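Following: one structure in structure tokens, then a few remarks.
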Amino acid sequence: MANVGEEVSNKQVIFKDYVTAGFPKESDMYVTTSTIKLKVPEGSNGVLLKNLYLSCDPAMRILMQRVVPKGFSNYTPGSVSFSVWFPRKLLYGIWETVSDKTQNTDSESETTKIVLVAMANVGEEVSNKQVIFKDYVTAGFPKESDMYVTTSTIKLKVPEGSNGVLLKNLYLSCDPAMRILMQRVVPKGFSNYNPGSPINGYGVAKVLDSRHSDFKAGDLVWGSARWEEYSLITATEGLRKITHSDVTLSYYTGLLGMPGMTAYAGFHEVCSPKKENMSSFQQHPLVGQFAKLLGCYVVGSAGSKEKVDLLKNRFGFDDAFNYKEEHDLDAALKRYFPEGIDIYFENVGGETLDAVLLNMRVHGRIALCGMISQYNLDQPEGIKNLMCLIYKRIHMTGFRVSDYYHLYPKFLDTVLPYIKEGKIAYVEDIAEGLESGPAALVGLFSGRNIGKQVVVIARE
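Position 363 of the sequence shown, counted from 1, bears residue number 397 in this note's numbering, the numbering being contiguous throughout.
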């Protein structure tokens with residue numbers, strides 16, 4: 035989010051020249067980007083606005099003429115101001131992202147603010163806001179300063195000879211595993227971020243142009259996404275068409291996307307629950323709800339009272355506790371699971387995994403998909419209780435969601451009815467605007483988010 039006093043880029047629609055006859059054309063205007071300081075100058079009695087919506091009105095055609103009726107003011111070529119005056123009433127708008135405009139009116143005038151939602155056309159060259167990865171993070175939590183927002187340009191057209199697609203990015207997913215990709219050295223099978231390039235993750239996008247036989251303009255897709263407004267994608271293997279658009283689109287960053295598929299595969303395929311009277315310890319709201327739908331006894335843990343209340347009252351867990359208030363996690367688990375734990379979906383690691391191992395039942399199952407407590411450590415913590423795997427014959431299996439994407443249609447067949455019947459609850463924490471992305475991502479590691487963290491670039 036931009037702050038008062040900052041100098042920011044300012045997209046504008048400029049009037050090119052007077053229209054002498056006929057209908058106005060798009061070429062009578064053009065989009066450009068200037069800069070503006072988000073501060074009303076000293077000595078001015080003006081206001082500084084962030085514009086939200088613009089009205090398109092037929093009377094604006096009159097103001098495109100060199101000569102206009104008395105009482106009207108025509109547009110000025112090279113200017114951004116589109117003003118419409120009527121007797122005793124003023125409608126005005128500045129066709130730009132942020133404007134500084136002062137207009138004195140008499141007491142009988144009614145003032146209405148009208149502002150722009152600019153639509154870019156295929157083939158145009160437009161500005162393209164991006165979140166750029168600055169440099170490798172060697173230790174500790176990532177910081178907002180490890181990324182920066184900049185603006186480049188992009189032509190909204192797939193080049194001749196390419197089989198790529200041109201995407202307008204709508205929603206971005208913030209995921210803990212993105213921390214791993216900020217390192218210089220990453221595990222085999224992963225690709226780290228390149229300093230000076232946009233960071234990437236998962237997201238939802240709309241196809242604007244395509245030279246690929248599997249995609250056409252207007253398609254909605256989810257999958258691999260760069261943190262920018264528009265992307266030219268030539269490696270389309272990471273994209274999936276959205277065929278069920280009757281649910282909230284942002285759900286494809288989480289519940290119906292990679293995180294949801296991870297929860298489904300880890301619980302149903304890796305843990306393979308066999309009976310209804312199983313007990314499950316979970317930090318993952320969706321895994322816990324899958325377990326409840328099978329009749330399991332489910333206890334969860336979270337790092338705040340608000341999140342504990344969500345687990346119990348929104349997600350339907352049988353019980354939950356705040357792990358920050360437990361000085362002995364082993365004792366806490368024994369209190370909630372006196373008979374032991376059958377199923378555990380591991381995405382925390384460290385001391386939590388150690389305590390869980392002590393409390394697993396014989397032949398219990400653990401699915402390993404992440405260890406957020408370890409991502410920011412110089413030296414990962416060792417696990418002391420691995421002998422429990424032998425004594426209790428515990429099945430502990432690591433997996434990557436990509437191993438199970440072939441089951442995505444089966445996943446949708448299972449989860450979509452649950453959503454429509456209200457059997458699965460889902461909470462999103464929405465960050466508005468690409469500029470808010472770095473703060474939203476960094477907030478994951480301090481538990482600042484309540485629900486799935488999503489960055490909204492555009493809603494259509």
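Glycine residues also receive a C-beta, built at the ideal position from the N, C-alpha and C atoms. In this text the structure is predicted, and so the values were computed from the model without any measurement.
Can you name, in chain order, every residue of its own chain whose Cβ lies under 6 angstroms from the Cβ of Val360, other than the five neighbours on each side?
Position 326 of the sequence shown, counted from the start, is the residue given in the question as residue 360. In the sequence on display, residue 360 carries Glu and not Val. Closer than 6 angstroms at Cβ, skipping near neighbours: Ala366.
Ile377 beta carbon less than 7 angstroms from that of Met312
Your numbering for residue 312 matches position 278 in the sequence shown. Your numbering for residue 377 matches position 343 in the sequence shown. Yes, Cβ-Cβ distance for Met312 and Ile377 is below 7 angstroms.
In its own chain, which residues sit with a C-beta less than 6 angstroms from the C-beta of Lys275, not counting the 5 before and 5 after it?
Position 241 of the sequence shown, counted from the start, is the residue given in the question as residue 275. Excluding residues within five positions, the ones whose Cβ falls inside 6 angstroms are Asp253 and Val255.
Counted within 10 angstroms of its Cβ, other Cβ atoms place Arg95 as buried (16 or more) or exposed
Locating residue 95 in the sequence shown gives position 61, where the first residue counts as 1. By the neighbour-count rule (16 or more Cβ atoms within 10 Å), Arg95 is not buried but exposed.
Going by the beta-carbon positions, is the gap between Gly432 and Gln408 smaller than 7 angstroms?
Here residue 432 is taken as the residue at index 398 of the sequence shown, counted from 1. Here residue 408 is taken as the residue at index 374 of the sequence shown, counted from 1. No, these two residues do not count as a Cβ contact at 7 angstroms.
Do Thr296 and Val435 come within 7 angstroms of each other at the CB atom, strictly closer than that value?
Along the sequence shown, one-based indexing puts residue 435 at 401. Along the sequence shown, one-based indexing puts residue 296 at 262. Result yes, Cβ atoms of Val435 and Thr296 sit closer than 7 angstroms.
Measuring straight from C-alpha to C-alpha, what distance separates Phe249 and Thr184?
Within the sequence shown, the letter at position 215 stands for residue 249. Within the sequence shown, the letter at position 150 stands for residue 184. Each residue's Cα considered, the two are about 29 angstroms apart.
Write down the C-beta distance between Ala459 and Gln316 rounded to the nearest angstrom, noting that I regard them as a contact closer than 8 angstroms.
Here residue 459 corresponds to residue number 425 of the sequence shown, with the count starting at 1. Here residue 316 corresponds to residue number 282 of the sequence shown, with the count starting at 1. In fact, because the Cβ distance is near 14 angstroms, the residues do not count as touching under 8 angstroms.
Can at least three beta-carbon pairs, one atom from the region 345-365 and one from the region 323-337, be found at a separation below 8 angstroms?
yes
Sort Val47, Phe445, Pro75 and Ala492 by Cα distance to Tyr109 and report the nearest one.
The residue you call residue 109 lines up with position 75 of the sequence shown. Residue Val47 is the option with its Cα nearest to Tyr109.
Beta-carbon proximity check, Glu262 vs Gln164, cutoff 7 angstroms
The sequence position of residue 262 within the sequence shown is 228, counting from 1. The sequence position of residue 164 within the sequence shown is 130, counting from 1. Yes. Within cutoff.
What does a CB cutoff of less than 7 angstroms around Arg493 pick up in its chain, not counting 5 residues either side in sequence?
Residue numbering aside, residue 493 sits at position 459 when the sequence shown is read from its first letter. Excluding positions up to five away in sequence, the list reads Leu204.
Give the list of continuous beta strand (DSSP E) stretches no shorter than 3 residues that lie fully inside the region 212-286.
234-244, 254-260, 264-267 and 273-275
Can you give me the C-alpha to C-alpha distance between Lys426 and His397, rounded to a whole angstrom?
The residue you call residue 426 lines up with position 392 of the sequence shown. The residue you call residue 397 lines up with position 363 of the sequence shown. Spanning the two alpha carbons is a distance of roughly 6 angstroms.
Count the other CB atoms within 10 Å of the CB of Gly481; is the residue buried (16 or more) or exposed (fewer)?
Against the sequence shown, residue 481 aligns to sequence position 447. Flag for Gly481 reads exposed.
On a CA-only basis, which of Thr172, Arg218, Cys90 and Gly291 is nearest Tyr442? Give me that one, please.
Within the sequence shown, numbered from 1, the residue matching residue 442 stands at position 408. Ranking Thr172, Arg218, Cys90 and Gly291 by Cα distance to Tyr442 puts Gly291 first.
Which whole runs of the beta strand (DSSP E) in the region 78-116 are 3 residues long or more, in chain order?
81-84
Let me make sure I understand the geometry here. Which of His278, Cys422, Asn381 and Thr270 has the alpha-carbon closest to that of Val321?
The residue you call residue 321 lines up with position 287 of the sequence shown. Ranking His278, Cys422, Asn381 and Thr270 by Cα distance to Val321 puts Asn381 first.
Given 8 angstroms as the limit, is there contact between the region 189-201 and the region 216-229, that is, 3 or more CB pairs closer than that?
no
Return the Cβ separation of Tyr357 and Gly374 in integer angstroms, given the expectation that the two are a contact with Cβ distance under 8 angstroms.
One-based indexing of the sequence shown puts residue 357 at position 323. One-based indexing of the sequence shown puts residue 374 at position 340. Between Gly374 and Tyr357 the Cβ distance is about 19 angstroms, and since that is not below 8 angstroms, they are no contact.
Whose CA, out of Arg213, Pro193 and His302, lies closest to the CA of Ala173?
The residue you call residue 173 lines up with position 139 of the sequence shown. Cα-wise, what sits closest to Ala173 is Arg213.
Buried or exposed, going by whether 16 or more other CB atoms sit within 10 Å of the CB of Leu475?
Working through the sequence shown from its first residue, we reach residue 475 at position 441. Buried: at least 16 other Cβ atoms inside 10 Å.
I need the DSSP call for Met496, collapsed to helix, strand or coil.
Residue 496 falls outside the range modelled here, since the chain spans only 35 to 494, and no answer is possible.
Give me whichever residues DSSP pairs with Gly432 in a beta bridge.
Locating residue 432 in the sequence shown gives position 398, counting from the first residue. Paired residues: Leu402.
When you compare only the Cα positions, how much space is there between Phe49 and Met98?
Numbered from its first residue, the sequence shown carries residue 49 at position 15. Numbered from its first residue, the sequence shown carries residue 98 at position 64. Cα to Cα, Phe49 sits roughly 8 angstroms from Met98.
If distances are taken between C-alpha atoms only, which option among Ser247, Ile233 and Glu455 comes closest to Asp209?
For the purposes of this step, residue 209 is taken as residue 175 along the sequence shown, with counting starting at 1. Asp209 has its Cα closest to that of Ile233, out of Ser247, Ile233 and Glu455.
Within the same chain, show all residues whose beta-carbon is closer than 8 angstroms to that of Arg100, passing over the 5 residues directly before and after it, in chain order.
The residue labelled residue 100 in the question sits at position 66 within the sequence shown. Correct list, in chain order: Tyr52, Thr54 and Asn108.
For chain D, find out if any of its Cβ atoms is closer than 7 angstroms to the Cβ of Thr287; answer yes or no.
This model lacks chain D altogether; it includes just one protein chain.
Check whether the region 450-458 touches the region 279-294, counting contact only when three or more Cβ pairs, one atom from each stretch, lie closer than 8 angstroms.
yes
Rank Cys90, Tyr285 and Ser244 by C-alpha distance to the C-alpha of Ser265 and give the top, closest one.
As a position in the sequence shown, residue 265 is number 231, starting the count at 1. That would be Ser244, whose Cα lies nearest to the Cα of Ser265.
What does the Cβ neighbour count give for Leu273, buried or exposed, with the cut at 16 atoms within 10 Å?
In the sequence shown, residue 273 corresponds to position 239, counting from 1. Buried, by the Cβ-count rule.
Which whole-angstrom value describes the C-beta separation of Ser186 and Asn155, a residue pair presumed to lie in contact below a C-beta threshold of 8 angstroms?
Locating residue 186 in the sequence shown gives position 152, counting from the first residue. Locating residue 155 in the sequence shown gives position 121, counting from the first residue. 19 angstroms between Cβ atoms; not a contact.
To the nearest angstrom, report how far apart Ser43 and Leu345 are at their CA atoms.
Residue mapping note: residue 43 aligns to position 9 of the sequence shown, counting from 1. Residue mapping note: residue 345 aligns to position 311 of the sequence shown, counting from 1. For Ser43 and Leu345, the distance between alpha carbons rounds to 42 angstroms.
Scan the region 347-381 and note each continuous alpha helix (DSSP H) run of 4 residues or more that stays entirely inside, going in chain order.
363-370
C-beta contact flag for Leu242 and Leu206 at 7 angstroms:
As a working mapping, residue 242 is identified with position 208 in the sequence shown. As a working mapping, residue 206 is identified with position 172 in the sequence shown. No, Cβ-Cβ distance for Leu242 and Leu206 is not below 7 angstroms.
Check each candidate in Glu76, Asn85 and Val304 and name the one with the smallest Cα separation from Lys45.
Numbered from 1 along the sequence shown, position 11 holds the residue referred to as residue 45. Per the Cα distances, Asn85.
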